[in-house]
Each structure stands twice: as structure tokens, then as C-alpha cells.
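Before any comments, here is the structure.
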Amino acid sequence: MKTLCTARLILRPWTLEDAPDMYDYARTPNVGPAAGWKPHESIEETQQVLRELFLPHDDNFAMQRKDDGRVIGSIGLHEDQSRPKGLPVRMLGYVMNEKDWGQGFMHEGCMAALEYAFAELGVELMTVFHYPWNERSRRVIERLGFRPEGLRRMAGRNYDGRIEDEMAYSMTRSEFFWGRG
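Numbers 264 to 444, taken from the numbering used here, label the letters of the sequence shown in order.
Below, the structure written as C-alpha cells:
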């Protein structure tokens with residue numbers, strides 16, 4: 264995975280040394296459940312998540328602030344399991360420390376990740392999903408320029424077993440570049 268830089272962020276591969284910063288946001292009740300996963304209960308759990316889910320794969324950026332070096336979240340360019348295998352489609356995923364909400368970091372980081380996906384990875388379609396009750400995520404998605412596809416009923420299972428609906432959005436490569444200008 265390539266390292267990307269924006270005005271205020273570095274998007275880079277994860278390391279085990281990022282565990283304390285990840286734990287800082289992954290333990291709070293306002294972050295994980297909005298993305299479907301339970302808050303982390305210990306730094307050891309965070310280290311295990313890094314080892315098993317982040318480090319072996321090259322589809323998830325650590326989002327690091329340039330000013331203080333803190334990793335404040337992640338941005339993923341995952342395989343979209345809801346589309347046929349082999350298509351040039353990726354699914355955007357993201358999460359961020361609530362201490363940094365409302366400052367435009369997520370938009371800034373996602374725009375860089377989308378440009379990388381479309382310009383360098385050859386992606387033709389990006390998808391993104393959020394739970395209908397997650398208004399913060401809806402605003403990020405709409406501001407990024409995704410187009411709504413609709414409600415996917417009973418589309419996901421939360422960490423606690425609850426079945427959730429999802430709002431689905433997508434964006435083509437041409438929509439991304441045309442929309443920028």
C-alpha cells in the first residue's frame with residue numbers, strides 16, 4: 264500500500280506501534296458500534312485486531328495527523344462482498360477518533376484515498392454503506408459526492424448479533440473526476 268499525503272494527514276500502512284492510538288478511539292462507544300464492531304476492551308484486543316485484520320492486508324490506511332503524529336482513524340478500500348468477484352469495485356470504509364470529529368479530516372483523507380483508488384488502482388466503482396441512523400456518516404458520504412443506491416434491508420449483522428439495514432451509495436471513476444472539476 265502506498266503512502267498518501269494531504270495538507271494535514273498522512274495515509275500509510277498500519278504498524279503494531281499504532282495500537283495505543285487505535286485503542287484510544289476503538290474503545291469508545293461512539294465509534295465502533297457505528298461501523299458494526301464492538302468497542303475494544305483492552306490494548307491487547309487492539310493489538311490482536313491489528314495483527315489479524317490490518318497488518319496482513321493492504322487495503323486499509325492508518326490516518327495520521329501531520330501536526331502531532333497521532334493516528335486518528337482508518338480508511339479502507341476493501342473488496343465489496345456484495346458485488347461479483349473480479350470486478351474493479353472497492354468499498355470505502357472509515358472510522359475516526361471522536362476527538363477529531365467535525366474538523367474535515369475524514370473528508371480530506373477519503374478524497375485522497377478515492378483519488379488513489381480511481382487513478383492508481385484502476386477501480387471503476389466505489390461503494391459505501393452506513394446504518395440509517397448514522398447521520399454523521401451520511402453527511403461524509405454525501406459531501407464526498409457518492410450517489411444513493413437505496414436502502415438494503417437486513418443487509419448486515421452487528422457485533423452483538425442485531426440485523427441492521429444499510430443505506431447504499433456508489434460513485435464511478437468518471438463521476439469522481441468529473442465532479443471535481
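Glycine included, every Cβ here is placed at the ideal spot set by N, Cα and C.
Is it buried or exposed, His341, if we count other Cβ atoms within 10 angstroms and call 16 or more buried? By the 10 Å Cβ count, His341 comes out exposed.
Comparing the C-beta of Leu414 with each C-beta of chain D, is any distance below 9 Å? The structure shown has no chain D; it contains just one protein chain.
Quick check on Asn293: buried or exposed, where buried means 16 or more other Cβ atoms within 10 Å of its Cβ? Exposed, because fewer than 16 other Cβ atoms sit within 10 Å of the Cβ of Asn293.
Could you compute how far the alpha carbon of Glu378 sits from the alpha carbon of Met417? 31 Å
Buried or exposed: where does Ala376 fall if 16 or more other Cβ atoms within 10 Å of its Cβ makes it buried? buried
Do the region 428 to 442 and the region 397 to 410 touch if we need at least three Cβ pairs shorter than 8 Å? Taking one beta carbon from each stretch, the region 428 to 442 and the region 397 to 410 have 3 or more pairs nearer than 8 Å; the two touch.
Tell me Arg353's beta-bridge partners as DSSP assigns them. Glu342 and Met389
With distances taken between CB atoms, is the gap from Cys373 to Tyr394 smaller than 9 Å? The answer is no: Cβ separation not under 9 Å.
What number of angstroms, rounded off, separates the C-alpha of Lys348 from the C-alpha of Gly419? 19 Å
Using CA atoms only, rank isn't needed, just tell me which of Met264, Asp281, Ala282 and Pro296 is closest to Glu427. Pro296
Burial state of Gln327 (16 or more Cβ within 10 Å): buried
Within 10 Å of its beta-carbon, does His303 have 16 or more other beta-carbons around it, so buried, or fewer, so exposed? buried
Could you give the DSSP three-state label for Arg406: helix, strand or coil? helix
Is the Cβ-Cβ distance between Asp287 and Asn360 less than 9 Å? For Asp287 and Asn360, yes; Cβs fall inside 9 Å.
Return yes when the Cβ of Arg333 is within less than 9 Å of the Cβ of Asp284, no when it is not. yes
Burial state of Gly385 (16 or more Cβ within 10 Å): Looking at its Cβ environment, which holds fewer than 16 other Cβ atoms inside 10 Å, Gly385 is exposed.
Rounded straight-line distance, which links the Cα of Arg346 to that of Gly413: Rounded to the nearest angstrom, the two C-alpha atoms are 15 Å apart.
Spatially closest choice to Asp363 from Glu438, Leu272 and Lys265, by CA coordinates: Leu272
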